[in-house]
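Visitor: This is the structure I have questions about; it appears just below.
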Amino acid sequence: MFEFDLFELTRDTVTMAVGFTAVLASLGVILCSAPVYCALYLISNMICLALLFLLYNAEFIAAVQIIVYAGAVMILFLFIIALLGGKKEVQESSAQRSMAFTFVITMLGELFLAATVGPTKPIEGGFDPQTVAQVGGSAKAIGLELFSRHLVPFELASGLLLVAAVGIICLAKFSYAPVRRRTR
Amino acid sequence: MIDDAIEFLEPYTYLIIGSVKALVIAGALLGIVPLLVWLERRLMGRFQVRLGPNRVGPFGLGQPISDSIKLLFKESIIQGSADKFLFHLAPAIVVFTAIVTFAVIPFGDPITVMDQEIGLWAANVDIGLLFVFAISGMGIYGMVLAGFSSNNKYSLMGGLRSSAQMISYELTLGLAALSVIVLTGSLSLIDMVNSQDSYPNILIQPLAFLLFFIAGVAETNRAPFDLPEAEQELVAGFHTEYTGMKFAMFFMGEYINMVTMSALVTLLFLGGWNSYGIPVWPIIAFAGKVGFLLCVFIWLRSTYPRIRYDRLMTFGWKVLVPLSLLNLLVTSVFVVL
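The following block contains the structure:
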């Protein structure tokens, strides 16, 4: 009397639900007028993305997504919003609104283009669960890939981040000598 | 009908076992909270040369029960200026993340019941340690949102302090754990325990143990690092405006986090459920180590005064982070050689 595969069905339902929530959350980011709720919608969107990674067996990426984006980056957003006091934004100019519409139409056009040109191609040398398990976990698979084939771009990216960090400190540096507090 | 259902459910036994395990572990965690509150009050009493609660039941064991009943029946007050939704959401986030973090903590070798091998953990993921850091990092939102939604300057200060403090100390926590990861070569907590079957990691990584424990105390917002709720300066920090059960939920979160942190220290540095020749069940060995660490948490609270906020940040960034980086460097060099 029970003919369906429970596991597949649950998996598909969960995937659809998470994807739908992610879309709703990203709509919330742009439609909500209170900054705190925008930030919260963004956090939930990132959590949904992490869940999607998890559903496709990319555990390491999911954990890193939550630690870096949902955990570290968004907490700073929330920190700033809490410091400045999240008042509701009032819609001011119609120029911004028309710009936003242009942007949305461009995006829709690109989506249409992508849909007509053909399905997205899978990444070369794709990893299926068997190969990942053979290497010994998703963390190891990514590490091997990152530090062997993509070593130079990876190091260049870290150099770029370092330059950005130094640049921020230079831009934000106080022009006067800051009052030194005795700390010990 | 029933036979059909049993036949249909046969291949999904692991799902049923998993759900039961999840329920048992969550229930046990919630049940351990009143016990810990009792232990803390009794021990604090002893440390301060007084009796502690001793009227309700034997040894005052009935005190937590009467306290929880009192909290459940208290009127829940929300001031008009608060953001209602976030005000309700914040304590839920704290308790939820605290319980979910414990999902990947193993506390014994797999046991066999009725031809079914049952692992004594809720989930065995191969990124165990990263999962713990990811979910416990989400717990900060509970405190920040509680501070923000209360619409109160003391609460806001508490929330901001908690986010700054937890981000700073998470770095040390991660770097100290990374030394153990480098030694073990795996992120799985079960592999880490199995690699310590001859001697615990604390013998070869004493500095990492110290750093991890200090950062762990700061992560759980316990004294002497309980600046988010410093009652002398911030009234009670982020939970100033909370009453009744919602107030108690923050404490539930804090105590469950304490248990998780003690379990993590046990798994990473004290050899998990390995008993090193002492003839006890693995699960008793594990529980004993965790219990000892919980007592150390309470001991620290009654020994040290709260440190000043700027000193906390200086200590975190200028002492702990460089030390943990150095430790990681030395460990990596030794592993490579």
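Chains E and U are the protein sequences, given in the same order. Read in order, the letters of the first sequence are residues 246 to 429 in this note's numbering. Read in order, the letters of the second sequence are residues 912 to 1248 in this note's numbering. We put the beta carbon where it would ideally sit given N, CA and C, even for glycine.
Cα separation between E1130(U) and A1075(U)?
Guide: As a first step, residue 1130(U) must be located in the second sequence, where it is residue number 219. As a first step, residue 1075(U) must be located in the second sequence, where it is residue number 164. If you take the alpha carbons of E1130(U) and A1075(U), they lie about 11 angstroms apart.
Visitor: What does I311(E) touch in chain U if you count any residue whose Cβ is under 8 angstroms from its own?
Guide: What you label residue 311(E) is simply residue 66 of the first sequence in a count that begins at 1. In chain order: A1045, I1046, G1048 and M1049.
Visitor: Compare the C-beta of F324(E) against all C-beta atoms of chain U and say whether one is closer than 8 angstroms.
Guide: Within the first sequence, the letter at position 79 stands for residue 324(E). Yes, its Cβ sits closer than 8 angstroms to a Cβ of chain U.
Visitor: Express the C-alpha separation of K985(U) and Y925(U) in angstroms, rounding to a whole number.
Guide: Translated into the one-based positions of the second sequence, residue 925(U) becomes position 14. Translated into the one-based positions of the second sequence, residue 985(U) becomes position 74. Taking the straight line joining both Cα atoms gives about 41 angstroms.
Visitor: Using beta carbons (cut-off 8 angstroms, strictly below), is D1037(U) in contact with chain E?
Guide: In the second sequence, counting from the first residue as 1, residue 1037(U) sits at position 126. Interface criterion met: the Cβ of D1037(U) is under 8 angstroms from a Cβ in chain E.
Visitor: Would G1164(U) pass as a contact of G1050(U) if the rule is Cβ separation under 8 angstroms?
Guide: Locating residue 1164(U) in the second sequence gives position 253, where the first residue counts as 1. Locating residue 1050(U) in the second sequence gives position 139, where the first residue counts as 1. In contact: G1164(U) and G1050(U) (Cβ atoms closer than 8 angstroms).
Visitor: With distance defined between alpha-carbon atoms, name the residue in I1038(U), V1247(U), R1072(U) and R1222(U) nearest to Y1052(U).
Guide: Locating residue 1052(U) in the second sequence gives position 141, where the first residue counts as 1. Checking every option, the nearest Cα to that of Y1052(U) belongs to R1072(U).
Visitor: Find out if the Cβ-Cβ distance for the pair A384(E), F305(E) is shorter than 8 angstroms.
Guide: Taking the first residue of the first sequence as 1, we reach residue 384(E) at position 139. Taking the first residue of the first sequence as 1, we reach residue 305(E) at position 60. The answer is yes: Cβ separation under 8 angstroms.
Visitor: Across the stretch 941-954 of chain U and the stretch 969-978 of chain U, are there enough close Cβ pairs to call them in contact, namely three or more that are closer than 8 angstroms?
Guide: yes
Visitor: Can you find a CB in chain U that lies within less than 8 angstroms of the CB of M246(E)?
Guide: On the first sequence, position 1 is the one that residue 246(E) refers to. Confidence at M246(E) is low in this model, with a pLDDT of 47, below 50, so the placement of that residue should be treated as unreliable; the coordinate-derived value is given next. Under the Cβ distance rule, M246(E) counts among the residues neighbouring chain U, one pair being separated by less than 8 angstroms.
Visitor: Can you tell me the Cα-Cα spacing of D250(E) and A307(E), whole angstroms?
Guide: For the purposes of this step, residue 250(E) is taken as the residue at position 5 of the first sequence. For the purposes of this step, residue 307(E) is taken as the residue at position 62 of the first sequence. The straight-line gap from Cα to Cα measures roughly 26 angstroms.
Visitor: Between the C-alpha atoms of L934(U) and F1149(U), what's the straight-line distance to the nearest angstrom?
Guide: For the purposes of this step, residue 934(U) is identified with residue 23 of the second sequence, where counting begins at 1. For the purposes of this step, residue 1149(U) is identified with residue 238 of the second sequence, where counting begins at 1. Computed Cα separation, rounded: 30 angstroms.
Visitor: Going by C-alpha to C-alpha distance, which of I275(E), C283(E), T351(E) and G412(E) sits closest to L997(U)?
Guide: Taking the second sequence and counting its residues from 1, the one referred to as residue 997(U) is at position 86. For L997(U), the nearest C-alpha among the options comes from C283(E).
Visitor: At a Cβ cut of 9 angstroms, what residues of the stretch 261-290 of chain E count as close to chain U, listed as they run along the chain?
Guide: A279, V281, Y282, L285 and I288
Visitor: Between V1128(U) and F1120(U), how many whole angstroms is the CB-CB distance? I'm expecting something under 8 angstroms.
Guide: Taking the first residue of the second sequence as 1, we reach residue 1128(U) at position 217. Taking the first residue of the second sequence as 1, we reach residue 1120(U) at position 209. Incorrect: roughly 13 angstroms between the Cβ atoms, too far for contact.
Visitor: In three-state DSSP terms, what is V967(U)?
Guide: For the purposes of this step, residue 967(U) is identified with residue 56 of the second sequence, where counting begins at 1. In the structure shown, V967(U) sits in coil (DSSP, three-state: anything other than H, G, I, E or B).
Visitor: Which residues, in order along the stretch 1071-1094 of chain U, keep a beta-carbon less than 7 angstroms from a beta-carbon of chain E?
Guide: L1071, S1074 and I1078
Visitor: Could you tell me which of G1188(U), E1144(U) and L1204(U) sits nearest to N1168(U), measuring between CA atoms?
Guide: Taking the second sequence and counting its residues from 1, the one referred to as residue 1168(U) is at position 257. When only C-alpha atoms are compared, the closest one is L1204(U).
Visitor: Compute the distance between the beta-carbons of F1013(U) and I1101(U), then report whether it is under 8 angstroms.
Guide: In the second sequence, the residue the question calls residue 1013(U) occupies position 102. In the second sequence, the residue the question calls residue 1101(U) occupies position 190. No, the Cβ-Cβ distance between F1013(U) and I1101(U) is not below 8 angstroms.
Visitor: What residue ranges within the stretch 1083-1121 of chain U form continuous beta strand (DSSP E) runs of no fewer than 3 residues, ordered along the chain?
Guide: Inside the stretch 1083-1121 of chain U, DSSP marks no whole beta strand (DSSP E) run of 3 or more residues.
Visitor: If we call anything under 8 angstroms between Cβ atoms a contact, is V1246(U) one with L1094(U)?
Guide: Counted from its first residue, the second sequence places residue 1246(U) at position 335. Counted from its first residue, the second sequence places residue 1094(U) at position 183. Yes.
Visitor: Within its chain, find whatever has a CB closer than 8 angstroms to the CB of D1037(U); leave out the 5 residues flanking it on each side and keep chain order.
Guide: In the second sequence, residue 1037(U) corresponds to position 126, counting from 1. Only S1097, L1098 and S1099 meet the Cβ criterion.
Visitor: How should W1210(U) be labelled, buried or exposed, when 16 other C-beta atoms within 10 angstroms of its C-beta is the threshold for buried?
Guide: Translated into positions along the second sequence, residue 1210(U) becomes position 299. With fewer than 16 Cβ atoms within 10 Å of its Cβ, W1210(U) is classed as exposed.
Visitor: Can you check whether the CB of F1018(U) is closer than 8 angstroms to the CB of F1180(U)?
Guide: Counting from 1 along the second sequence, the entry for residue 1180(U) is found at position 269. Counting from 1 along the second sequence, the entry for residue 1018(U) is found at position 107. No; because the gap between Cβ atoms is not below 8 angstroms, this pair is not in contact.
Visitor: Alpha helix (DSSP H) containing E400(E): first to last residue?
Guide: Within the first sequence, residue 400(E) is the residue found at index 155, counting from 1. L396 to A417 is the span of the alpha helix (DSSP H), which, as asked, contains E400(E).
Visitor: Between F1321(U) and chain E, is any beta-carbon pair separated by less than 8 angstroms?
Guide: Residue 1321(U) is absent from the model: chain U starts at 912 and stops at 1248.
Visitor: By the criterion of Cβ-Cβ separation under 7 angstroms, what are the contact partners of F1136(U) in chain E?
Guide: Residue numbering aside, residue 1136(U) sits at position 225 when the second sequence is read from its first letter. Per Cβ cutoff of 7 angstroms: no residues; F1136(U) is ~17 angstroms from chain E at best.
Visitor: Mind checking the stretch 1004-1019 of chain U against chain E and listing, in chain order, the residues whose C-beta falls within less than 9 angstroms of any C-beta there?
Guide: none
Visitor: Report all residues from its chain with a CB closer than 6 angstroms to the CB of T1008(U); omit the five preceding and five following residues, and keep chain order.
Guide: As a position in the second sequence, residue 1008(U) is number 97, starting the count at 1. Excluding residues within five positions, the ones whose Cβ falls inside 6 angstroms are I1046, M1049 and G1050.
Visitor: What residues in its chain sit with their C-beta under 7 angstroms from that of S1090(U), if we drop five residues either side in the sequence?
Guide: As a working note, residue 1090(U) is residue 179 in the second sequence. Counting only Cβ-Cβ distances below 7 angstroms, and skipping sequence neighbours, we find Q1116, A1119, N1238, L1239 and T1242.
Visitor: Using a cut-off of 7 angstroms between C-beta atoms, extract the partners of L1098(U) located in chain E.
Guide: Numbered from its first residue, the second sequence carries residue 1098(U) at position 187. Chain E residues near L1098(U): A384.
Visitor: May I have a chain-ordered list of the alpha helix (DSSP H) segments no shorter than 4 residues that lie completely inside the stretch 1009-1077 of chain U?
Guide: 1039-1060
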